[in-house]
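First comes the structure, then the notes that go with it.
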Amino acid sequence: QFQARHGIVVDKRLSEETIKSLNVSATYRLGQIAANLERYRWMPRDLGDRYVYVNVPSFQLVAYDSGEKSLEMKVIVGQEFEDKATPVFSDSMETVVFRPYWNVTPDIQAKEIAPKVAADPSYLERENMEYYQDGGTTRVRQKPGPKNALGFVKFLFPNNFNIYLHDTPNHDLFNKDVRAFSHGCIRVEHPAQLAQWVLGWEADRVQQMMDGGGDNKSVKVPKKIPVYIAYGTAFVRDGQLFFANDLYHRDDKLVMASANGALPSAAAIEALAALKRIETA
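Quick note on my numbering: the sequence shown kicks off at 1143 and runs consecutively.
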């Protein structure tokens, strides 16, 4: 139970990570709690009746309806590098795209795809990729299908970071405890279930669209759904306090601010109400 509540691989052994967590002082934990209360204070007081909440450090997505959990699933988030970390922000989901193209970003095209093509000219064909023109620029995209890096569905909530939720052809990674493997976008464990919840469709209809309802088919969400991408390393779940690994090493500055009295107590009190409302893993 201690391991589960502290974001440690549950192996019932006195592992190095377990010992490290046991040695964390109560003072630091209190500072960590205060830091996370401050994070929650930054969020809207009213999150909406229906919304999606992703907590990056705990690799979890929860969908809420009228204050109750409707869905909960694992996610894969950005890697532990500044240029690949999943950002913290919120926006509104507007569109679901079935059997999407993956438009490779210029950065990935230059750093990852181009060297592979140079080493093996058949690489694009083998990976079901093709060149296309985008405003006079030659870009690479991966065609819809079982190899597509976005899987069979993606969920768009337009934002300045070009971040979205999507399926993946590699579901084995969800068996990992630490799931930081992406370039920043968020892969979801049960994309079909999320599509059902977002669109209000039956399972058969969603599966039909994923299997062969036409390539790159966009479906407008009936009512925009707020999506919150958060970074919480201390949170409440089922009435118990949990801690998650500080994946991107962001806690220290906030913990130090708390220790120095830089976080106002009134703000912490207000944030506590928000923390109790958001029970996520």
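All C-beta atoms, glycine included, are put in the ideal place defined by N, C-alpha and C.
What does a CB cutoff of less than 7 Å around residue i pick up in its chain, not counting 5 residues either side in sequence?
i        : result
Ser-1212 : Ala-1205, Tyr-1206 and Trp-1339
Gly-1293 : His-1308, Asp-1309, Thr-1310, Pro-1311 and Pro-1333
Asp-1393 : Gln-1174, Ala-1177 and Thr-1375
Leu-1389 : Val-1198, Pro-1199, Glu-1222 and Ala-1322
Tyr-1170 : Val-1397
Gly-1220 : Lys-1226, Ala-1227, Thr-1228, Ala-1322, Ser-1324, His-1325 and Gly-1326
DSSP puts residue i in a beta bridge; with which residues?
i        : result
Asp-1233 : Val-1369
Val-1239 : Lys-1296 and Ser-1360
Asn-1245 : Arg-1283
Phe-1385 : Ala-1376
Lys-1216 : Gln-1202
Lys-1211 : Tyr-1206
Tyr-1193 : Tyr-1206
Whose C-beta lies closer than 8 Å to the C-beta of residue i among residues of the same chain, with five residues either side of it excluded?
i        : result
Glu-1236 : Leu-1298, Phe-1299, Pro-1300, Lys-1362, Val-1363 and Lys-1366
Glu-1267 : none
Lys-1258 : Tyr-1265
Gln-1251 : Arg-1281 and Val-1282
Gly-1356 : Phe-1240 and Arg-1241
Tyr-1193 : Ala-1205, Tyr-1206, Ile-1367, Pro-1368, Val-1369 and Tyr-1370
Would you mind working out which of the options sits nearest residue i, comparing C-alpha positions?
i        : options                                   : result
Arg-1281 : Asn-1312, Phe-1294 and Asp-1249           : Asp-1249
Ala-1322 : Ile-1175, Ile-1218 and Gln-1275           : Ile-1218
Glu-1272 : Gly-1278, Asp-1225 and Ile-1255           : Ile-1255
Asp-1314 : Ala-1176, Asn-1358 and Lys-1216           : Lys-1216
Asp-1188 : Leu-1341, Pro-1229 and Pro-1368           : Pro-1368
Thr-1247 : Asp-1276, Val-1166 and Pro-1229           : Asp-1276
Arg-1329 : Asn-1317, Ala-1252, Tyr-1306 and Gln-1349 : Tyr-1306
Lys-1296 : Ala-1227, Val-1238, Asn-1317 and Arg-1192 : Val-1238
Val-1348 : Asn-1304, Val-1259 and Arg-1241           : Arg-1241
Asn-1304 : Lys-1154, Val-1259 and Trp-1244           : Trp-1244
Ala-1227 : His-1148, Cys-1327, Pro-1288 and Asp-1262 : Cys-1327
Gly-1354 : Pro-1286, Gly-1381, His-1325 and Asp-1380 : Pro-1286
Pro-1288 : Lys-1253, Met-1352, Leu-1203 and Ala-1146 : Met-1352
Arg-1183 : Gln-1382, Asp-1380 and Ala-1372           : Ala-1372
Ala-1291 : Asn-1302, Glu-1269 and Gly-1278           : Glu-1269
Lys-1395 : Ser-1167, Gly-1342 and Arg-1181           : Arg-1181
Glu-1331 : Asn-1358, Ala-1337, Phe-1316 and Glu-1210 : Phe-1316
His-1391 : Leu-1156, Glu-1224 and Asn-1302           : Glu-1224
Please confirm if residue i has its CB atom under 7 Å from at least one CB of chain D.
i        : result
Glu-1180 : Although the question refers to chain D, the structure presented lacks it and comprises just one protein chain.
Residues in its own chain within less than 6 Å of residue i by CB, not counting five upstream and five downstream?
i        : result
Tyr-1370 : Tyr-1195 and Ser-1232
Glu-1222 : Ala-1322
His-1148 : Ser-1163 and Phe-1385
Ser-1208 : Asp-1191
Ala-1146 : Val-1152
Ser-1279 : The question names Ser, yet the displayed sequence has Thr at residue 1279. Here the set comprises nothing.
Checklist entry - In chain order, which alpha helix (DSSP H) runs of at least 4 residues are fully inside the stretch 1270 to 1346? => result 1333 to 1341
Checklist entry - Considering only residues of the stretch 1161 to 1188, which uninterrupted alpha helix (DSSP H) runs meet the minimum length of 4 residues and lie entirely inside it, listed in chain order? => result The qualifying runs are 1168 to 1183.
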